[in-house]
Amino acid sequence: MKRKSILDRAWLHRWAIPILIFLLAFLPRAVYPVSRSMLWYYRAIHFGDALLARDWAETYQSYHPGVTTMWLAAAGLWLFAWRQGLSSDQMLRLAPTKPGTIEDGVTAGVIPLALAVALCIALCYVLLRRITDRRVAFAGSCLLALDPFHITHGKVLHVDALLATFMFVSVLLLLNFLQRERWLDLIWSGVFAGLAFLTKSPSLFVIPYAVLAVGAYRLMDPGKGGSPAAERRGWVRRLWGIARTLLIWGGVAAVVFCALWPAMWVEPLVALSRMRERVGFHVETLHFNPIFFNGEITFDDPGLPFYLATVAWKTTLVTLPLVCAGLVFGLLHFRRGRYGKTAWLLAAYVVFFTLQMGLSARKEPRYLLPVFPVLDVIAALGLVQTVEAISHIHAWRGWRWLPTVLTVLALALQAGLVLPHHPYYGTHHNKLLGGSRVAQHILPLQDQGEGLDLAAQYLNGMPRAQQARALIHPLGGELFDRWFIGFTGTMPDPWINYHVYTVNQVVRRLDSDEWGEAWDADRQTDPLWSVDFDGVTYVWVYGAPPEELTAGGPEYKVDFRWGEHIQLKRYRLNAETLVPGDSLTVVLIWESDGQITENYAVFCHLLDASGELVAQRDGPPLYGVRPTPGWRAGETIEDSYEIFLDSDLAPGEYHFSVGMYDIETMERLAVYDAAGTRLPQDRVVLGSLRIETPS
20 MKRKSILDRA WLHRWAIPIL IFLLAFLPRA VYPVSRSMLW YYRAIHFGDA LLARDWAETY
80 QSYHPGVTTM WLAAAGLWLF AWRQGLSSDQ MLRLAPTKPG TIEDGVTAGV IPLALAVALC
140 IALCYVLLRR ITDRRVAFAG SCLLALDPFH ITHGKVLHVD ALLATFMFVS VLLLLNFLQR
200 ERWLDLIWSG VFAGLAFLTK SPSLFVIPYA VLAVGAYRLM DPGKGGSPAA ERRGWVRRLW
260 GIARTLLIWG GVAAVVFCAL WPAMWVEPLV ALSRMRERVG FHVETLHFNP IFFNGEITFD
320 DPGLPFYLAT VAWKTTLVTL PLVCAGLVFG LLHFRRGRYG KTAWLLAAYV VFFTLQMGLS
380 ARKEPRYLLP VFPVLDVIAA LGLVQTVEAI SHIHAWRGWR WLPTVLTVLA LALQAGLVLP
440 HHPYYGTHHN KLLGGSRVAQ HILPLQDQGE GLDLAAQYLN GMPRAQQARA LIHPLGGELF
500 DRWFIGFTGT MPDPWINYHV YTVNQVVRRL DSDEWGEAWD ADRQTDPLWS VDFDGVTYVW
560 VYGAPPEELT AGGPEYKVDF RWGEHIQLKR YRLNAETLVP GDSLTVVLIW ESDGQITENY
620 AVFCHLLDAS GELVAQRDGP PLYGVRPTPG WRAGETIEDS YEIFLDSDLA PGEYHFSVGM
680 YDIETMERLA VYDAAGTRLP QDRVVLGSLR IETPS
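Below, the structure is given as structure tokens:
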């Protein structure tokens with residue numbers, strides 16, 4: 020008996036390869052998400068709250084409708100909040116949390132989405148293997164798993180990656196049904212169509228596409244011939260077969276759509292009407308922000324060339340030529356061969372979906388994401404046919420291992436081009452066309468705020484970062500704020516220490532009347548720091564750290580404890596001798612065990628010799644930027660307060676004291692000295708200050 024090659028073993032194709040493809044798809048998408056927008060983060064929380072409250076009508080959160088995204092993200096966010104002991108207000112940023120908590124929450128919301136996408140990509144291998152062959156299935160699934168544009172949006176808490184994936188799986192299952200005539204494939208195709216409809220409205224494209232695909236298979240079947248009456252009966256059977264197929268497919272999709280969206284249980288007409296109105300508005304209305312395309316900034320529709328450029332620069336050096344090869348192969352084998360009809364139905368998907376999106380007035384590169392899984396399969400067809408053509412060259416016909424080696428080399432090259440961009444896959448642009456250096460003049464860059472996290476981490480390492488104030492455009496403000504431990508501002512103010520600019524903001528001139536003059540002035544000097552990807556600067560940071568308010572003044576070590584979790588370790592003064600009209604700056608250096616649950620404010624009082632209050636400054640730590648529940652274990656908080664002295668303040672000896680109180684109840688927090696003795700009035704008299712008559 021002839022021994023089977025390892026490549027023919029059933030377990031390899033049933034389990035090993037799908038698991039490999041799953042990991043190849045899941046890890047780049049799940050590790051270190053880069054998600055700028057927080058819109059679906061908040062929607063998922065509200066969706067989850069509505070489910071828990073059984074307020075089914077409130078599960079309508081958006082016209083998209085984004086239900087699949089919200090189901091998955093809400094599950095991840097609920098589990099994260101439960102494990103961290105976070106309230107809904109904390110998750111919604113209405114109550115203070117520790118630095119990094121919200122970023123970890125975003126990761127928790129992205130992981131279920133990445134898991135669903137990766138499972139679907141592994142499923143694509145199984146489905147492609149049935150309608151093409153193992154080589155096309157393996158190459159196509161690997162190219163999709165390593166597609167940089169698809170990975171970019173698979174790392175984001177948003178709807179586009181799920182939309183593209185569910186649409187593609189639905190189409191593959193439909194093609195499986197048309198080739199294999201197994202009704203279970205049709206039912207599952209309807210299920211995934213329903214999931215796509217629940218994700219985003221452009222998925223409605225699969226309805227006319229299903230009509231096209233079913234019609235192409237049924238009506239192009241030559242039949243058996245016979246008498247005119249027999250031919251008429253044959254046409255009737257075909258048309259009935261088309262109608263029956265589409266009715267079953269559409270019925271399953273409708274059931275899934277209604278079953279998984281609770282708003283459809285109680286207010287179906289209201290939900291559908293609101294969707295129709297909003298979708299119509301967005302189709303006809305231009306985006307309120309300008310579009311950058313081909314070196315120009317415009318509020319007008321850039322037209323279909325915008326999407327053609329998206330395909331050109333968002334594919335890779337490997338996939339773009341192979342897509343062309345795959346289309347040529349499909350043209351040559353339209354009516355014959357193993358999968359010529361499949362190739363052209365896939366090509367029709369790309370063409371017609373692109374045309375559909377081109378009709379909309381609003382255009383963004385991510386709107387075209389659903390064509391990229393199909394392009395990856397067409398590229399796989401091109402790869403297999405190219406490899407076969409090379410292996411048939413007379414001198415190489417005896418090298419049976421050559422097709423496998425060439426296929427593996429092509430996939431390795433794809434991985435080598437894409438994976439070094441981790442985690443910022445959105446910074447990849449087709450090197451065959453000049454990469455990012457050329458793409459920056461054609462398409463808008465930095466869709467997901469790439470590099471802003473790095474800029475925030477750099478500023479976190481600068482002196483007095485907790486007291487620093489950074490100004491950034493609102494488009495990147497939420498992402499930057501999730502990382503920056505200082506104050507993030509989106510409106511100019513005179514106390515700003517750093518200006519942070521992004522390439523997306525600068526190229527599109529977003530709200531440039533508010534920052535244009537500052538940018539023109541800053542760019543005359545070298546930036547304090549910048550973030551570059553692929554030879555293009557994505558983020559510029561200008562400015563300097565806040566001044567040391569107590570420079571040259573005395574510093575003292577102390578040991579006082581507030582409650583069970585807060586300690587004052589040191590304090591600094593700007594001076595110990597002042598004159599009336601001056602100001603006293605006190606820097607309190609706190610530490611905690613990271614277990615603070617209440618929100619406390621600090622008071623700094625200046626008292627005369629009789630204990631009467633003559634001046635004070637109250638407020639949350641670091642002007643509210645670092646509330647006490649957000650303090651981390653072992654972290655040092657340098658908290659400054661400036662107390663202004665009256666110009667008629669009498670000369671003499673004064674004392675200053677500090678304490679804490681609950682912001683809601685105004686009740687002071689108990690304070691203890693090093694021996695554990697509770698201090699009177701729950702305040703610490705730190706030292707004395709002398710006020711002298713001005714000379």
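In the numbering used here, the protein residues as written are 20 to 714.
C-beta: ideal position from N, C-alpha, C; glycine also.
Fair warning: this is a prediction, and the values are worked out from it, not measured in the lab.
Along the segment 308-366, the alpha helix (DSSP H) occurs as fully enclosed runs of 4 or more residues at 324-333, 338-351, listed in sequence order. Residue state for serine 292 is assigned as helix, using DSSP reduced to three classes. Here the segment 33-41 makes no contact with the segment 69-87; the two share fewer than three CB pairs at distances below 8 Å. Counting C-beta pairs closer than 8 Å gives fewer than three between the segment 79-96 and the segment 195-208, which falls short of the contact rule.
Judged by DSSP secondary structure, leucine 165 falls outside any alpha helix (DSSP H); it is assigned neither H nor E. In the structure shown, glycine 209 adopts helical secondary structure according to DSSP, grouped into three states.
From the listed residues Ala127, Ala35, Gly495, Leu194, the smallest Cα separation to threonine 151 is found for Leu194. Runs of beta strand (DSSP E) with 3 or more residues, each lying fully within the segment 598-634, are found at 602-611, 619-626, listed in chain order.
In the three-state scheme derived from DSSP, where H, G and I count as helix and E and B as strand, isoleucine 710 is classed as strand. The C-alpha of glycine 67 is placed about 26 Å away from the C-alpha of leucine 494.
Only buried fits glutamine 404, as 16 or more other CB atoms lie within 10 angstroms of its CB. By the Cβ-count criterion, leucine 238 is exposed, with fewer than 16 other Cβ atoms from all chains shown falling within 10 Å of its own Cβ.
In the structure shown, the three-state DSSP call for glutamate 469 is coil. In terms of CA proximity to serine 666, Val633 leads the group Gly496, Val633, Gly649.
In this structure, proline 321 lies away from leucine 182, with their beta-carbon atoms at least 8 Å apart. Of the candidates Tyr660, Cys161, Arg687, the residue whose Cα lies closest to the Cα of alanine 398 is Cys161. Going by DSSP, phenylalanine 187 is part of the alpha helix (DSSP H) stretching over 179-199. Contact between leucine 191 and threonine 87 does not hold, since the beta-carbon distance rounds to 18 Å and is not under 8 Å.
Judged by DSSP secondary structure, serine 107 falls within the alpha helix (DSSP H) whose first and last residues are 107-110. Three or more beta-carbon pairs separated by less than 8 Å are not found between the segment 548-561 and the segment 569-589, which leaves the two stretches without contact. As for any alpha helix (DSSP H) of minimum length 4 sitting wholly inside the segment 525-597, the runs are 531-541, ordered along the chain.
Around the C-beta of phenylalanine 391, 16 or more other C-beta atoms lie within 10 Å, and the residue is accordingly described as buried. Secondary structure at glutamate 250: helix, using DSSP grouped into helix, strand and coil. The alpha carbon of arginine 62 has as its nearest neighbour, out of Ala563, Ala693, Trp97, Tyr642, the alpha carbon of Trp97.
Taking each of Tyr590, Gly505, Asp612, Asn523 in turn and checking the Cα distance to proline 564, the smallest one comes out for Gly505. Note on geometry: alpha-carbon atoms of leucine 421 and leucine 134 lie some 34 Å from one another.
For the set Gly119, Arg48, Gly104, Pro309, the Cα lying nearest the Cα of serine 531 is the one of Pro309. Leucine 223 and threonine 184 have their alpha carbons spaced roughly 14 Å apart.
The segment 633-646 makes contact with the segment 484-494, as at least three CB pairs between them are under 8 Å. Bridge pairing for alanine 489: Thr507, Tyr517 [DSSP].
In its chain, beyond the 5 residues on either side, Leu162, Asp166, Leu394, Asp395, Ala398, Gln433 have a beta carbon closer than 8 Å to the beta carbon of threonine 338. In this structure, the alpha-carbon of serine 455 lies about 12 Å from that of valine 522. In the three-state scheme derived from DSSP, where H, G and I count as helix and E and B as strand, methionine 283 is classed as helix.
Here leucine 387 really is in contact with threonine 373; their C-beta atoms are around 7 Å apart, less than 8 Å. At a Cβ-Cβ threshold of 8 Å, phenylalanine 675 and glycine 706 count as neighbours.
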